[in-house]
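Remarks on the structure that follows.
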Amino acid sequence: MSDKPYRRLSPLTPVARSGIFVVAVVFATWRDLLRGDLGPFALVLLGLLIAGLIYGGASWLLTKYWIEADELRVDTGVIARQSRRIRIDRLQGVDIVQPFVARLLGLAELRMDVAGGGKREGSLAFLSLPDARELKDVLLARRDAARTDTSPLPDESSEGASNPSATSARSQVEPDRLLALVDLRMLLLSTLLTPEAIALVVVALGSVVLPLLVDDFGRVGVSLPLVGGLALVVFRKIAGSYRFTVSQTHAGLQVRRGLFELSSQTIALNRLQGVVLSEPLLWRQLGWVRLDVSIAGYAASSDGEGGPSASTVLPVGDRALAMWLAQRMLDGVDLDQTMLTRAPEQARWVSPIGRRFMGFGTDESLTVSRTGWFNRRTHVVPHARVQSLRVTQGPVQRRLGLADVHVDSPPGPVTVRARDRLATEARTILEQEITLSRQARVPSTP
Amino acid sequence: MNDLFAPPGNDWRPVSPQLGTMRHVVVAATASVMSVAVVVLFLVLELPIWLLVLTLVVVLALALFAWMVIGRNARSWGYAERDEDLYIKHGAMFRELVAVPYGRMQFIDITSGPLEQAFGIASVRLHTASPGTSARIPGLPKEEAARLRDRLTSLGESQAAGL
């Protein structure tokens with residue numbers, strides 16, 4: 001194995017990994033450091049830090065990766081050796097993430113999503129940013145090549161490609177085309193118009209005003225954690241979506257975002273399962289929309305609380321832009337063309353308020369459902385992506401002659417559901433959808 | 447009202463009556479164990495006899511209710527194999543009808559716990575890429591479960607569609 005051309009991670013990896021620890025050490029001991037003498041606490045921490053760096057260095061020395069026979073192989077482990085093989089043709093997506101400390105050092109982490117697992121199985125941390133980008137391009141190009149012709153690649157080409165920097169993947173890459181960019185003003189304004197931000201303002205104001213009225217300063221302390229928590233949520237939202245850009249690349253739609261932690265994610269459109277347009281009440285007047293997608297193999301994971309989830313394609317934008325993006329992703333089909341019909345009159349006994357906002361409709365290529373007054377969401381699934389269909393009916397619904405129709409999709413934010421339709425209509429919807437999805441599926445049958 | 451859960455084409459194929467029997471046995475066993483436990487508890491703690499009777503009545507009433515509900519539910523299961531999809535319906539109070547295209551099936555499980563084995567039945571479960579698909583048929587006779595699995599597997603392979 002050792003004769004294979006392998007590559008190593010960036011030599012700065014141990015530094016990046018222990019970066020937060022360095023900050024902690026300095027922070028905990030700066031008084032001692034300034035005085036020039038090291039207390040026992042500082043010595044222990046420094047000892048740990050040095051041990052960590054040595055371990056990190058050893059780990060760096062022993063971590064190697066290379067591409068061989070359609071697999072990305074990663075050997076790691078100082079004490080327990082581990083050899084991981086990631087099949088390139090099984091890769092769902094390759095994301096580049098830059099945590100803050102790594103970003104300062106110009107490093108990036110490469111995260112690979114493998115088919116089947118909801119969890120991110122493969123990760124290479126850290127590479128220099130150009131290396132990470134290059135490896136990502138190579139992996140995606142090889143994946144596409146492996147998928148188009150199922151026969152294994154000839155030997156000489158795999159030899160050449162064993163060294164990621166030696167391939168010509170760069171030249172195959174078309175220039176990226178910018179599709180959408182969320183400007184800061186809109187991001188800030190839209191974040192301000194979310195329940196969290198409003199709660200933050202109310203609580204913050206309340207904790208300033210109330211003590212003045214009640215003359216009891218002890219109460220101020222109580223609201224501080226709440227203010228802090230809310231502020232953190234709001235801040236994460238902004239930081240996560242900072243400089244949100246969507247562009248078209250050869251591999252699919254690329255989403256880049258982040259203030260401290262940069263993240264770049266490629267969405268393969270052939271794995272798109274559906275889209276959701278969200279229009280919260282406060283945004284509706286301004287005509288703003290949020291667009292999320294479901295992608296096969298990407299579990300509905302969120303990058304920490306409050307941050308935008310990996311499924312977001314547009315955190316906020318004009319309705320026209322969102323519709324245009326959605327149309328682009330759905331093979332040019334216009335969402336607004338689908339006629340939605342409301343739930344029948346009887347449904348008001350089950351959902352008195354919701355009934356007026358619930359809609360469902362199909363056209364020749366899409367199934368669309370809409371719910372919600374406070375946060376109106378329009379879920380869209382192409383017929384070709386429908387997994388299974390269900391009709392459910394509870395005892396109350398049976399009295400009223402109503403039933404729900406569910407369209408099952410792979411895990412993700414999209415769930416098309418026709419709630420509280422007439423029982424007779426529900427069965428028709430199911431049968432119709434079965435037929436439509438069968439017809440839509442036929443061309444994709446191998 | 448009934449056309450909502452009407453069979454597609456032919457009639458629904460029912461599951462084995464052993465499913466109801468098995469569940470009834472479970473209910474009866476649970477009720478007996480609980481009654482004995484109640485009696486023992488009351489004897490040990492020397493509580494008044496009327497309280498004992500009352501508790502027993504409640505336990506037995508619950509058991510009777512469960513008995514009836516379970517019987518209805520067990521009889522409600524039905525499935526229909528069509529050319530390109532499988533329909534399953536079940537539920538007496540909360541009813542559900544599932545339609546799974548064969549081309550969407552990822553894999554098929556047969557499970558049969560010790561109790562199910564004693565009654566000679568097994569459950570077949572279809573998995574699609576969606577966790578929402580609740581396509582399970584409990585209480586199939588063993589041979590029927592194996593036949594269904596083989597048929598579904600071969601149909602699934604021939605009609606498989608990409609995601």
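Heads up: the sequence lines are chains B and Z, in that order. Under our numbering, the first residue of the first sequence is numbered 1, with each subsequent residue one higher. Under our numbering, the first residue of the second sequence is numbered 447, with each subsequent residue one higher. For glycine and all other residues, C-beta sits at the position ideal for the given N, C-alpha and C. Keep in mind that this is a model prediction, so the values were computed, not measured.
| Item | Value |
| --- | --- |
| Residue from 283(B), 268(B), 276(B) with nearest C-alpha to residue 195(B) | 283(B) |
| Span separating the alpha-carbon of residue 454(Z) from that of residue 388(B) | 16 angstroms |
| Cβ pair residue 450(B), residue 239(B) closer than 8 angstroms | The first residue shown for chain B is 1 and the last is 446, placing residue 450(B) beyond what the model contains. |
| For residue 605(Z), the first and last residue of its enclosing alpha helix (DSSP H) | 588–605 |
| Nearest-angstrom beta carbon gap, residue 414(B) and residue 316(B) [assumed within contact, 8 angstroms] | Rounded, the Cβ-Cβ distance is 19 angstroms, inconsistent with contact. |
| Coarse secondary structure for residue 450(B), derived from DSSP in three states | Given a span of 1 to 446 for chain B in the structure shown, any question on residue 450(B) remains unanswerable. |
| 8 angstroms Cβ cutoff met for residue 544(Z) and residue 556(Z) | no |
| Where the segment 348–362 of chain B meets chain Z: residues whose CB sits under 9 angstroms from a CB there | none |
| Paired residues, beta bridge with residue 65(B) - DSSP | 7(B), 74(B) |
| Interface flag, residue 430(B) vs chain Z, CB-CB below 8 angstroms | yes |
| Neighbour flag for residue 522(Z) against chain A, beta carbons, 8 angstroms | In the structure shown, chain A does not exist; the protein chains are B and Z. |
| Between the CA atoms of residue 416(B) and residue 349(B) - distance to the nearest angstrom | 22 angstroms |
| Interface flag, residue 392(B) vs chain Z, CB-CB below 8 angstroms | yes |
| Beta carbon proximity, residue 546(Z) to chain B, threshold 8 angstroms | yes |
| Where the alpha helix (DSSP H) containing residue 435(B) begins and where it ends | 423–441 |
| Closer than 8 angstroms at the beta carbon, the chain B residues around residue 540(Z) | 392, 393, 394, 395 |
| Test item: CB-CB of residue 455(B) and residue 106(B) under 8 angstroms | A query on residue 455(B) cannot be resolved here, the shown segment of chain B reaching from 1 to 446 and no further. |
| Residues in the segment 131–147 of chain B having any Cβ partner in chain Z nearer than 8 angstroms | none |
| Distance CB(residue 448(B))-CB(residue 9(B)) smaller than 8 angstroms | Since the first residue shown for chain B is 1 and the last is 446, residue 448(B) is missing from the structure and cannot be characterised. |
| Cross-chain neighbours of residue 530(Z) in chain B, by beta carbon under 7 angstroms | 438 |
| For residue 131(B) and residue 602(Z), the rounded distance between their alpha carbons | 42 angstroms |
| Supposed close pair residue 101(B), residue 108(B) - CB separation, criterion 8 angstroms | Wrong, their Cβ atoms sit about 12 angstroms apart, outside the cutoff. |
| Three-state secondary structure assigned by DSSP to residue 267(B) | strand |
| Any C-beta of chain Z under 8 angstroms from that of residue 458(B) | Only positions 1 to 446 of chain B appear in the structure, and residue 458(B) is not among them; the question remains open. |
| Buried or exposed (CB count within 10 angstroms, at least 16 for buried), residue 47(B) | exposed |
| Through-space distance from residue 408(B) to residue 576(Z), alpha-carbon basis | 6 angstroms |
| Cβ shell of residue 374(B) (< 8 angstroms), same chain only, five flanking positions each side left out | 280, 281 |
| As assigned by DSSP and simplified to three states, the class of residue 545(Z) | strand |
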